[in-house]
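With numbering that gives the first Met the number 0, letter number 2 in the sequence shown gets 1, and the count goes up by one each step, no holes.
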Amino acid sequence: MQITYATGKYTAATLHKRPHPGAPLLSQLLLGEAVAVVEQKDRYSRVLLPDDELEGYVLTDQLVSVEEDVYRRQLEQPAFALELFCPIFSDGFGMPVTFGARLPGYDGIQLQHAGQRFRYSGQALLSENLTADADVMLRMARKWLFTPELKGGRTPTGVGAAELIQLVCRLVGVQLPRTIPEMSRLGRSVDFVVQCQPADLAFFDDGRGRVDHVGLILPDSQVLHVCGRVRVDPLDHYGIFDRESRRYSHRLRIVRRFLPDATPAVPVRLETRPVEVPAERQQILIF
């Protein structure tokens, strides 16, 4: 049967570069995320993720065929899961759901997925309640601390630098492309570091002019980013200072703002010397 529209069926389906199990990981398709099916080839479907125009191959049996109205609703008016891990339960079985998954037909208690009714008891966010709130964005990002790095990963078992920023921004109503260079060309430029505010995005280059890293600016001269793991490090005018190696790991290139300006302005103080923040202050809960 030819599928035109579909959503992710399981916790996280691997999106491959080619229709082969050994092909490189491009990304992951979370439960409930909508895709357009471009082509079906043997066991694989070539799919387009409309949110960021990314194409790749996923096993067809890891997709749920849906009607166009469901596809549109999951794109434009989804309910987002906010827990790092929280299962959904039917009468017969349960399945883990991760942060950023989209809960089809969610009414606050139940959802309809793959022809079955499931219960979800975790925190969720309806599209109509999305707010461009810097504090909420920072709290959601901190939930990911110590998650291992996985380029292309989008779950708490492994996440990439761009993928984490994209997931967190989407939950405050900011939709970003999947790659760091594309992200760095959007938003509003913050011309002077003294004008930085919490939840601004800092972009870093590789020393040859290519933007290749991104982090979320926190108060107290800190940045949350993915380098080996999700971590918080000191940030100053030069870049990210790695506490462990006692050297700069990334050179600051540009700062972009995607949320409204704070009123009154709440600038982030970027020290000329890194400020140490105790580990116990690095992680807080969302609510």
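Beta carbons: idealized from backbone N, C-alpha and C, even for Gly.
Small disclaimer: the values here were computed from a predicted structure and weren't measured.
Going by beta carbon distance, what residues of the same chain come within less than 7 Å of residue i, once the five residues before and after it are set aside?
i, result
"V65", "Y4, A5 and T6"
"L102", "G31, A78, A80, L110, Y119 and A123"
"P86", "G93, M94, P95 and V96"
Check residue i in the structure and name its three-state DSSP category.
i, result
"P95", "strand"
"D68", "helix"
"E148", "strand"
"L367", "With the chain covering 0 to 286 only, the question about residue 367 has no answer from this structure."
"P180", "helix"
Measure the alpha-carbon distance for residue i versus residue j and round it to whole angstroms.
i, j, result
"P180", "D204", "10 Å"
"S188", "E38", "39 Å"
"A80", "V158", "16 Å"
"T229", "H112", "The displayed chain sequence assigns Val, not Thr, to residue 229. Rounded to whole angstroms, V229 to H112 spans 31 Å at the Cα level."
"R209", "A161", "15 Å"
"D260", "Q196", "8 Å"
"R17", "F98", "26 Å"
According to DSSP, residue i sits in a beta bridge with which residue or residues?
i, result
"T6", "A33 and V63"
"Q27", "T13"
"D241", "R246"
"L58", "Y43"
"L325", "Outside the shown range of the chain (0 to 286) lies residue 325, about which nothing can therefore be said."
For residue i, I'd like the list of residues in its chain whose CB is within less than 8 Å of its CB, leaving aside the five on either flank, ordered along the chain.
i, result
"H15", "A22, P23, L24, L25, Y43, G55, Y56 and V57"
"Y105", "A78, Y119, A123 and L125"
"I2", "V36, Q39, S44, T59, L62 and S64"
Going by other Cβ atoms of all chains shown within 10 Å of its Cβ, with 16 needed for buried, is residue i buried or exposed?
i, result
"Q174", "exposed"
"I254", "Reading off the sequence, residue 254 comes out as Val, not Ile. With 16 or more Cβ atoms within 10 Å of its Cβ, V254 is classed as buried."
"P20", "exposed"
"C145", "First, the residue type needs correcting, since residue 145 is Phe and not Cys in the sequence shown. It is exposed - the Cβ of F145 has fewer than 16 other Cβ atoms within 10 Å."
Would you verify that the beta carbon of residue i is, or is not, closer than 7 Å to some beta carbon of chain C?
i, result
"R184", "Within the model displayed, chain C is absent; a lone protein chain is all it includes."
Which same chain residues, not among the five before or five after residue i, have their C-beta less than 6 Å away from its C-beta?
i, result
"A140", "V167, L215 and L223"
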